[in-house]
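Numbering (our numbering), first residue to last: 2 to 277. No residue lacks a Cβ here, since even glycine has one placed at the ideal position from N, Cα and C. On a predicted model such as this, the values are computed, not experimentally measured, just so you know. Structure first, commentary second.
Quick look at the structure:
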């Protein structure tokens, strides 16, 4: 008897951190996962325990994204594309020069757009599929100290929801776009931010593990929804502040104080007892 064919998934930024956790969780859930990353050696090492399927990918390269989508479709139907690759910069917006702002948008927004459109070219032709964009709570509200990062994530959220609506207008009922908006995640992206005053917004709520977010991503992959926040209560909290921008600005000192307390708390958690 021929074993069932595993659905094919692509994960970007999968050499480590959240991307690797998502790829691992998808593999355990029965997906055939193509891990991609800018660093070919690192992503090959991450893929080794997961059947060893990997590829170098710079998400800023539209043609390269299309080539990866074609490669994935060559092993079966491309059922899922996870846009996870992203970079974080912190500090007031006026402290970032033009090249820095361009790099953040090129990766976080335009790179995810490249991946989305490469996947949709395949998925529209086959009549089904799912693009899962890893956004952030920063995509739901302006985050002080992470303004440029948040702006890129706002752009990705708008693009994702607009594209989903475009798909429905065009008659594609089985092609989905979802956004996962997690709170701060304890991954290498934040490991060196414990003393960074610009990163306090990432420490104001629940510090999640990559495995927690990956588990939610797997459930979302199986059951698409337009926007999911993690934890749910944080999504409700930031959405409330988003519709009351004056209140959000007025509360900035309190948010910063909460973030600094969160940084101290996480520092204690991550420091071995003999080094405290």
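**Contacting residues, own chain, Cβ-Cβ under 6 Å from residue 161 (five flanking each side not counted)** = Correct list, in chain order: 134, 178, 180.
**Asked** Skipping 5 residues on each side, what residues in its chain have a beta carbon closer than 8 Å to that of residue 2?
**Response** Residue placement at residue 2 cannot be trusted, given a pLDDT of 42 that sits under 50; what the coordinates show is reported in the next sentence. The beta carbon of residue 2 sits closer than 8 Å to no other beta carbon from its chain once the five residues preceding and following it are set aside.
**Asked** Is the number of C-beta pairs between the stretch 103-110 and the stretch 121-128 that are closer than 8 Å three or more?
**Response** As far as the Cβ criterion goes, the stretch 103-110 does not touch the stretch 121-128, which means the pair count is below three.
**Asked** Taking just the CA atoms, how far does residue 272 sit from residue 167?
**Response** Roughly 48 Å separates the two Cα atoms.
**Message:** Our contact map puts residue 206 next to residue 184 with C-beta atoms below 8 Å; I'd like the distance itself, whole angstroms only.
**Reply:** Rounded, the Cβ-Cβ distance is 5 Å, consistent with contact.
**Request:** Tell me whether residue 177 sits in a helix, a strand or coil according to DSSP, three-state version.
**Result:** Strand.
**Message:** Considering only their Cβ atoms, is the gap separating residue 12 from residue 34 smaller than 8 Å?
**Reply:** Residue 12 sits close to residue 34, with the two beta carbons spaced by under 8 Å.
**Message:** Using 8 Å as the threshold, is the C-beta distance between residue 147 and residue 91 below it?
**Reply:** Going by C-beta atoms, residue 147 is nearer than 8 Å to residue 91.
**Prompt:** For residue 82, which beta-bridge partners are listed by DSSP?
**Reply:** Its beta-bridge partners are 11, 132.
**Asked** Do the stretch 228-235 and the stretch 42-51 touch if we need at least three Cβ pairs shorter than 8 Å?
**Response** The stretch 228-235, when compared against the stretch 42-51, does not touch it at the 8 Å Cβ threshold.
**Asked** Exposed or buried, what is residue 95 when buried is set at 16 or more other beta-carbons lying within 10 Å of its beta-carbon?
**Response** Residue environment for residue 95: exposed (fewer than 16 other C-beta atoms within 10 angstroms of its C-beta).
**Request:** Can you say whether residue 255 is buried or exposed, counting buried as having 16 or more other CB atoms within 10 angstroms of its CB?
**Result:** Classification of residue 255: exposed, given that the 10 Å Cβ count is below 16.
**Prompt:** Are the CB atoms of residue 149 and residue 192 nearer to each other than 8 Å?
**Reply:** Judged by their CB atoms, residue 149 and residue 192 are not nearer to each other than the 8 Å cut-off.
**Inter-stretch contact at 8 Å, needing at least 3 Cβ pairs: the stretch 210-226 / the stretch 17-25** = Counting Cβ pairs under 8 Å, three or more are found: they touch.
**Message:** Bridge partners for residue 38 per DSSP, in chain order?
**Reply:** Under the DSSP definition of a beta bridge, residue 38 partners with 57.
**Asked** Taking Cβ positions, are residue 142 and residue 109 nearer each other than 8 Å?
**Response** The beta carbons of residue 142 and residue 109 sit no closer together than 8 Å.
**Message:** To the nearest angstrom, how far is the alpha carbon of residue 277 from that of residue 202?
**Reply:** Confidence is the limiting factor: at residue 277 the pLDDT is only 47, short of 50, which leaves the residue's position unreliable and the question unanswerable from this model.
**Prompt:** What's the gap between the Cα of residue 128 and the Cα of residue 9?
**Reply:** Here the C-alpha atom of residue 128 lies approximately 15 Å from the C-alpha atom of residue 9.
**Request:** Would you tell me roughly how many angstroms separate the C-alpha atoms of residue 155 and residue 257, rounded to the nearest one?
**Result:** Pairing residue 155 with residue 257, the inter-Cα distance amounts to about 21 Å.
**Asked** Rounded to whole angstroms, how far is the Cβ of residue 41 from the Cβ of residue 57, which I believe are closer than 8 Å?
**Response** The pair is a contact, with the Cβ atoms about 4 Å apart (cut-off 8 Å).
**Request:** Look at residue 70 and residue 14 and say whether their C-beta atoms are less than 8 Å apart.
**Result:** Here residue 70 is not near residue 14, since their CB atoms are 8 Å or more apart.
**Asked** Tell me the DSSP bridge mates of residue 229?
**Response** Residue 229 pairs with 181.
**Request:** Could you check the C-alpha separation between residue 266 and residue 238 for me, to the nearest Å?
**Result:** Distance between the alpha carbons of residue 266 and residue 238 is about 21 Å.
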